[in-house]
Amino acid sequence: MEVRHTTNPNDVKQYTTERLRSEFLIDSLFAAGEINMVYSHYDRVVTGGAIPINGSLTLEDKETLKTEYFLERREVGIINIGAEGKVVVDGQEYSLNKRDCLYVGLGNQEVTFESSNSSDPAKFYFVSSLAHKQYPTKKIPIEEAEPNRLGSDSESNKRTIYKYIHQDGIQSCQLMMGMTLLEPNNMWNTMPAHLHDRRMEVYLYFDLDQEDSRVFHFMGEPNETRHLVVKNEQAVLSPPWSIHSGVGTNNYTFIWAMAGENYTFTDMDSVKMEELK
Numbered sequence: 001m002e003v004r005h006t007t008n009p010n011d012v013k014q015y016t017t018e019r020l021r022s023e024f025l026i027d028s029l030f031a032a033g034e035i036n037m038v039y040s041h042y043d044r045v046v047t048g049g050a051i052p053i054n055g056s057l058t059l060e061d062k063e064t065l066k067t068e069y070f071l072e073r074r075e076v077g078i079i080n081i082g083a084e085g086k087v088v089v090d091g092q093e094y095s096l097n098k099r100d101c102l103y104v105g106l107g108n109q110e111v112t113f114e115s116s117n118s119s120d121p122a123k124f125y126f127v128s129s130l131a132h133k134q135y136p137t138k139k140i141p142i143e144e145a146e147p148n149r150l151g152s153d154s155e156s157n158k159r160t161i162y163k164y165i166h167q168d169g170i171q172s173c174q175l176m177m178g179m180t181l182l183e184p185n186n187m188w189n190t191m192p193a194h195l196h197d198r199r200m201e202v203y204l205y206f207d208l209d210q211e212d213s214r215v216f217h218f219m220g221e222p223n224e225t226r227h228l229v230v231k232n233e234q235a236v237l238s239p240p241w242s243i244h245s246g247v248g249t250n251n252y253t254f255i256w257a258m259a260g261e262n263y264t265f266t267d268m269d270s271v272k273m274e275e276l277k
C-alpha cells in the first residue's frame with residue numbers, strides 16, 4: 001500500500017505540476033489481477049481498486065495497518081464500475097453489477113473480490129475510513145438508490161446524484177459515498193465550488209468514453225487554485241482546505257467519498273465566484 005502524508009496549503013503554492021500530481025493524483029488504481037491501495041493521512045482514508053481475474057483477491061494489508069485484519073478498526077464502501085462480480089464478506093456473497101454499492105462495517109474479518117467472468121472482469125473501487133461502531137453490511141443496487149437530478153444544459157452541469165452511504169441511506173460511522181452522472185453535453189461538476197474544512201474527499205473519475213478524454217480537476221485554496229489533468233479511472237485526493245471541482249472534454253461519471261468530523265452531506269462552505277483566483 002502506498003502511503004501519502006498531509007500537506008500544508010502554504011507549501012502547495014510552490015508545487016510544480018509533477019509534485020502536485022504525486023501528492024494528490026492516484027493514477028494507477030486498477031490493474032488486472034491486483035489490488036492497489038493508497039493510504040492518506042487525511043482522515044486516515046484508504047482508497048483502492050481491485051480487478052480479480054483468476055480467482056479471488058483479498059482485502060488486506062497487515063503491514064501498513066498493523067492490525068490482524070483490514071476492518072478491525074475500519075469500515076469500507078465498495079462500488080463496482082466494471083462487469084458483474086461479487087464480494088464475499090465472512091462467507092456471505094453479495095453480487096454487484098455495474099454501479100451497485102456495498103457497505104461493509106467494522107469487525108468483518110475476511111473480504112474478497114471475484115469476477116463472474118474473467119474475460120470481462122469486475123472493477124471494484126473502494127474507500128475505507130476509521131470506524132468506532134459496527135453497522136450491518138448492506139448492498140444497494142443503483143436501481144434502488146434515490147436519484148437527485150440537478151443542474152441545467154445552460155450551465156453545462158445537468159446531472160444525477162445517487163447517494164449510497166449517508167445519513168438517510170446506508171448507515172456508517174463517518175464514511176459517506178455516492179456517485180454523480182453527468183448528462184451528455186454536460187461537463188462541469190461542483191461549480192460554484194465549496195469547501196468542507198471538517199472532512200476530506202476523494203473523487204474517482206470514470207466512464208470517459210474516449211481514449212483521449214480528460215477531466216481538468218480544480219483544487220487549491222479559493223484564492224490559489226491549481227488544476228490536475230485526469231484520465232479515465234484515476235482518482236484525486238481532496239484536502240479539507242481545497243476546493244474540488246472539474247470540467248471534462250465530454251461528459252463523465254465520478255464517485256465521491258468523504259470522511260472526517262461531521263456526518264452531514266450538506267456540511268459545506270460555499271465559495272463565491274468572485275473569490276476564485
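Heads up: the sequence shown at position 223 corresponds to 223 in the UniProt record's numbering, and the numbers run straight through without jumps.
All residues carry an ideal CB built from backbone N, CA and C; glycine is no exception.
If we count the other Cβ atoms within 10 Å of its Cβ and call it buried at 16 or more, is residue i buried or exposed?
| i | result |
| --- | --- |
| ASP100 | buried |
| HIS244 | buried |
| HIS66 | Strictly speaking, residue 66 in this sequence is Lys, with His absent from that position. Looking at its Cβ environment, which holds fewer than 16 other Cβ atoms inside 10 Å, LYS66 is exposed. |
| PHE264 | Per the sequence shown, the amino acid found at residue 264 is Thr instead of Phe. Classification for THR264: exposed. |
| ASN10 | exposed |
| MET219 | buried |
| ALA50 | buried |
| GLN134 | exposed |
| residue 282 | The structure shown has nothing for residue 282, since the chain only spans 1 to 277. |
| ASN251 | buried |
| MET273 | exposed |
| ASN54 | exposed |
| GLU2 | exposed |
| residue 285 | Since the displayed the chain opens at 1 and closes at 277, residue 285 lies outside it and no answer follows. |
| GLY33 | exposed |
| ARG19 | exposed |
| ASP43 | buried |
| SER154 | exposed |
| GLN234 | buried |
| ALA31 | exposed |
| THR190 | buried |
| GLU221 | buried |
Pull up the CB-CB distance for residue i and residue j, whole angstroms please, since I reckon it's below 8 Å.
| i | j | result |
| --- | --- | --- |
| GLY151 | ASN186 | 7 Å |
| ILE71 | ASN108 | Correcting the residue type first, residue 71 is Leu in the shown sequence and not Ile. That pair is a contact at about 5 Å. |
| ILE170 | ILE142 | Not confirmed; about 13 Å, so no contact. |
| GLY48 | GLU75 | About 14 Å separates the two Cβ atoms, so there is no contact after all. |
| VAL215 | GLY246 | 5 Å |
| ILE78 | VAL87 | 6 Å |
| VAL127 | VAL45 | 6 Å |
| ASP90 | GLU110 | 6 Å |
So what does residue i bridge to, in DSSP terms?
| i | result |
| --- | --- |
| GLY220 | THR225 |
| HIS194 | SER270 |
| SER245 | PHE218 |
| PRO147 | TYR162 |
| SER172 | None, per the DSSP bridge assignment. |
| LYS138 | TYR103 |
| SER238 | GLU201 |
| LEU181 | THR160, THR253 |
| GLU2 | VAL38 |
| GLY260 | ARG199 |
| LEU25 | VAL236 |
| VAL45 | Its beta-bridge partners do not exist; DSSP assigns none. |
| ALA32 | ILE51 |
| residue 279 | The chain is shown only over 1 to 277; residue 279 falls outside these bounds and no answer can be derived. |
| TYR189 | Correcting the residue type first, residue 189 is Asn in the shown sequence and not Tyr. Answer is GLY246, bridged to ASN189. |
Counting pairs of beta carbons, one from the stretch 202 to 217 and one from the stretch 129 to 146, are three or more of them closer than 8 Å?
-> no
Write down every uninterrupted run of the alpha helix (DSSP H) in the stretch 49 to 133 whose length is 4 residues or greater and which is fully enclosed by it, in chain order.
-> 62 to 65
Is the number of C-beta pairs between the stretch 19 to 34 and the stretch 236 to 243 that are closer than 8 Å three or more?
-> yes
Inspect the CB distances between the stretch 256 to 273 and the stretch 55 to 62 and report whether three or more fall short of 8 Å.
-> no
Could you tell me whether the stretch 119 to 128 touches the stretch 80 to 90, using the rule of 3 or more Cβ pairs below 8 Å?
-> yes
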